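In my numbering, the protein residues as written are 16 to 110.
Below is the structure:
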């Protein structure tokens, strides 16, 4: 069981969770009676394409460079995004 969870990365786990949530939400929306809800469900399904591409690239990078190196880069990207959100929040307070 330990070997199974050895090569998981941040983007892989978040991607799997996003796919599960998006599939559930899109099925619920497309089963509704409103045309707008159905279109939004289709939009959610189309938004899964970049997520799947990121997951495929993630698996290729883990195969090539290893789990630890890829996780370091992914956490750095996540910290950069959080830093940019904080800067934007401060700029919105000032303006």
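Where a beta carbon is used, it is the ideal one built from N, C-alpha and C, also for glycine.
This structure is a prediction, so every number in the text was calculated from the model and none was measured.
Residue 26 is a Cβ neighbour of residue 69, given a cutoff of 8 angstroms.
Contact annotation: residue 37 and residue 64 have beta-carbon atoms that are not nearer than 8 angstroms. Pairing residue 24 with residue 84 gives a Cβ-Cβ distance that is not under 8 angstroms. According to the DSSP assignment, residue 23 belongs to no alpha helix (DSSP H), since it is labelled neither H nor E. About 4 angstroms separates the beta carbon of residue 56 from that of residue 41, a gap short enough to meet the 8 angstroms contact definition. Distance from the CA of residue 81 to the CA of residue 50, rounded to the nearest whole angstrom, comes to 46 angstroms.
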